[in-house]
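Here's the structure we're looking at; comments come further down.
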Amino acid sequence: MRVLESDYNGPIIRLRRAGDNAEQDFGWSDNDIVDIAAINAWRGANNVFVHTWYDQSGLGRNAVQVTRNRQPRFIPDINNPHFQGDGNNDHLLIDTPNGIQDVTNNGNQGTVIGIMRATRKAQHTFGVLNNANRWSSHVNWSNQNLYFDPGICCNATRSFNNNGNVGVWEIYSFIKNNTNVIARSGGIERFNGAHVTGRCTLNTDFTIGWANGNQPQHHATTSFTEFIMYRTNINNIQIQEIEQNSITFWNI
């Protein structure tokens, strides 16, 4: 919910106003955060919902939901503007020709770094999932563990207890490199182990607020403020720099 690319000149987000279903794009204010004052002036007393969360990379990989009753609600919090799904059917979808194969390295290596607020629910927070074939995460599952499965489930290394972060804004990093699966929270490595079960072979489009696939009952109530994704693994120095920048910027 901020401008990340210094040369980006497009909008941050497109919202729908509940009262009349009007839609409008919004940029950012002088503090680089999405323009909350403009949003509040436009929405009045209405709730607003996310139509498009714009990609700033130049690749056009916007996260979109055109179906009104599946749009996550946007919360214009002055400190942490964010959106949250209802846990029923809300999610945003990134439409690419080959789905997860495009936004990762052929269903294998990839990186997600995000500012999220965990909840406790049997939920799929992002990615794709068709039974054991998946590239997805749960933040958190109903047992209060956070899971990351960047490939066929279930790898031995895949979870850590995240009970202390329920209802708390935190930065999470999910990395799949050539050999290992890694998860981090709060700038600290939580697990790092060999991934031996195989890559994801689906061609399903990546979603935020759900893992796109055959389990619609597991839509998420996780909240999102920032979501950075690379189609490969990045090195630990880069990850730590991004994490520290986000922690400082969002004061978490």
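One rule links them: number in the working numbering = place in the sequence shown (from 1) + 3. Glycine residues also receive a C-beta, built at the ideal position from the N, C-alpha and C atoms.
- Membership of serine 162 in any alpha helix (DSSP H) is not indicated; the residue belongs instead to the beta strand (DSSP E) covering 162-164.
- Of the candidates Gly63, Pro153 and Ile39, Pro153 places its Cα closest to the Cα of threonine 200.
- One Cα belongs to glycine 196, the other to serine 162, and the distance between them is close to 11 Å.
- Secondary structure remark: continuous alpha helix (DSSP H) runs of at least 4 residues inside the region 89-115, in chain order: 103-106.
- Around the beta carbon of glutamate 244, fewer than 16 other beta carbons lie within 10 angstroms, which makes this residue exposed.
- Taking C-beta atoms as the reference points, asparagine 143 and histidine 222 fail to come closer than 8 Å.
- No Cβ-Cβ contact shorter than 8 Å links isoleucine 231 with isoleucine 155.
- Per DSSP, glutamate 8 lies in no alpha helix (DSSP H) segment and is marked neither H nor E.
- In the structure shown, the three-state DSSP call for serine 226 is strand.
- The C-beta separation of glycine 88 from proline 75 comes to about 4 Å, placing the pair in contact by the 8 Å criterion.
- Pairing valine 106 with isoleucine 118 gives a Cβ-Cβ distance that is not under 8 Å.
- In the structure shown, the three-state DSSP call for proline 75 is coil.
- Secondary structure of asparagine 146 (DSSP, three-state): coil.
- Proximity to glutamate 173 across Thr224, Asn180, Ile255 and Thr210 peaks at Ile255, based on C-alpha coordinates.
- Exclusion of the five residues before and after isoleucine 250 leaves Ile174 and Gly190 as the residues of its chain whose Cβ lies within less than 7 Å of its Cβ.
- In the DSSP annotation of this structure, threonine 122 is not part of any alpha helix (DSSP H), being labelled neither H nor E.
- Note on the region 157-207: whole beta strand (DSSP E) runs with a minimum of 3 residues are 162-164, 172-179, 183-188 and 191-197, in chain order.
- In the structure shown, alanine 66 falls within a strand segment according to DSSP collapsed to helix, strand and coil.
- Under the three-state reduction of DSSP, threonine 251 is assigned to helix.
- Glutamine 218 sits in coil when the DSSP states are folded into three classes, being neither helix nor strand.
- Between phenylalanine 29 and the set Asp10, Ser9 and Val51, the nearest pair of CA atoms involves Val51.
- Look at the beta carbons and you see the region 202-215 touching the region 127-134: at least three pairs across the two are nearer than 8 Å.
- Residue state for tryptophan 56 is assigned as strand, using DSSP reduced to three classes.
- For arginine 19, the enclosing beta strand (DSSP E) stretches over residues 16-20.
- Taking C-beta atoms as the reference points, glutamine 147 and asparagine 136 fail to come closer than 8 Å.
- In the DSSP assignment, methionine 232 forms a beta bridge with Val115.
- Here serine 188 is buried, its C-beta having at least 16 other C-beta atoms within 10 Å.
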